[in-house]
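Here the structure is laid out as structure tokens; the discussion comes afterwards.
Below, the structure written as structure tokens:
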């Protein structure tokens, strides 16, 4: 008996027992669907957390501040020990030119006086931070409620949880702060005729449009660069003899995005050699990678357990088929079929069952993953974050279909071997 004849015999056998074959295919399909869905979801999560962030995001970011006095300034252009280097336009240019750096976001700030809407809260001093709000997603800034200010607004700010605590609110009640107004004044000192310094403020009534959690800069107010620059222009006109003096550079710090998670270390070392102190979440990156790997192993293990259960179902179905088809096996052997021919028929049946089940299950798993992705994306959009792209990796397709077929063939070895060893006389006599 050649392979085509064995294939046709297997198809006829499956057709005669269509109900049992359908249930066996369904068992394989359910297991393959579970495994495929889990692998697709875990792959999408890994892409979202690592690959997208590696192309530019908080985990690939390095915070840069003016270097403290000390020996970390190594090149000839860095200031001498005891003279910390300011972050100026030249520093920004040099850091942008580094091969391991993808982009640089400048951070600006100005001291301000703030008056909260409640009369029970005393005016307080803090800092107004400004940045390019069109690139806020590349920074370690998360919108808790509301939104971030518009990029060029002079009358919108976001506040941090420090402000919430000051006005008696918590993260759970943060929405109460959105829509309220706060008066922000940029200070400026003037000489006084009575041998004292007068400080006057350039006051702006700003609407709080959002509450954020941020680690980019130490400030309770987050606004546009235009807003900060207007405040700084006023404060910079302070009387030089008043002792009220701003840093010579307008940059309070930088947020540097490395060109990939694996290049964060080299980028940080290069910036340090230029004479600036740096910090980055390198330990967090490795922790995220390890936990993602653990999640992938666990999800894959659950899917493999489901496939193993399906394989046991295939074995049981084929063993039942051997018992029911003893006469058929005896007839095949009586007309000249060899043991390997009988074995081949049963293995082909198992392979067809696994192949169809794997194909159906992989398609179903992709559908399940799309549904889960839609639910997750809705949550991410509500949080102001980009969604997760759910794709169908080629490896999952190949593994789901061919893997199910191979597993089914392995599960059919024992029943096929038992059928092949069945003597023709015994099979005919027992029928």
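Numbering (this note's numbering), first residue to last: 122 to 552.
Backbone N, C-alpha and C fix where the C-beta goes; we use that ideal spot for every residue, glycine too.
Item                                                                                                                                                                       : Value
Which class does residue 499 belong to by DSSP, given the choice of helix, strand or coil?                                                                                 : helix
Going along the chain, which residues of its own chain have a beta-carbon closer than 8 Å to the beta-carbon of residue 253, five neighbours each way excluded?            : 226, 227, 272 and 346
Checking the sheet assignment: what are the DSSP bridge partners for residue 250?                                                                                          : 230 and 343
Give me the Cα-Cα distance between residue 374 and residue 352, rounded to the nearest whole angstrom.                                                                     : 17 Å
Mind checking residue 270: buried by the 16 CB within 10 Å criterion, or exposed?                                                                                          : buried
Name the DSSP beta bridge partners of residue 375, please?                                                                                                                 : 185 and 227
Does the Cβ-Cβ distance between residue 301 and residue 238 come in under 7 Å?                                                                                             : yes
Quick check on residue 436: does DSSP put it in helix, strand or coil?                                                                                                     : helix
Tell me whether residue 335 sits in a helix, a strand or coil according to DSSP, three-state version.                                                                      : strand
For residue 399, does the three-state DSSP call read helix, strand or coil?                                                                                                : strand
Would you mind giving the Cβ-Cβ distance between residue 344 and residue 251, rounded to the nearest angstrom? I have them listed as a contact below 8 Å.                  : 5 Å
Quick one: Cα of residue 336 to Cα of residue 261, how far?                                                                                                                : 6 Å
Is the distance from the Cβ of residue 554 to the Cβ of residue 223 below 7 Å?                                                                                             : Outside the displayed span of the chain (122 to 552) sits residue 554, for which this structure offers no information.
Taking the alpha-carbon positions, what's the residue 257 to residue 249 distance?                                                                                         : 16 Å
Between which two residues does the beta strand (DSSP E) holding residue 391 run?                                                                                          : That residue, residue 391, is in no beta strand (DSSP E); its alpha helix (DSSP H) goes 385 to 394.
List the endpoints of the continuous beta strand (DSSP E) containing residue 307.                                                                                          : 302 to 312
Inspect the CB distances between the stretch 452 to 464 and the stretch 472 to 490 and report whether three or more fall short of 8 Å.                                     : no
Between residue 428 and residue 422, what straight-line distance do the alpha-carbon atoms span, to the nearest angstrom?                                                  : 10 Å
With a threshold of 6 Å on Cβ separation, who are the neighbours of residue 537 within its own chain once the five nearest residues in sequence on each side are excluded? : 464, 467 and 468
Under 8 Å Cβ to Cβ from residue 320, same chain only, skipping five residues before and after it: list those, please.                                                      : 308, 309, 310, 311 and 365
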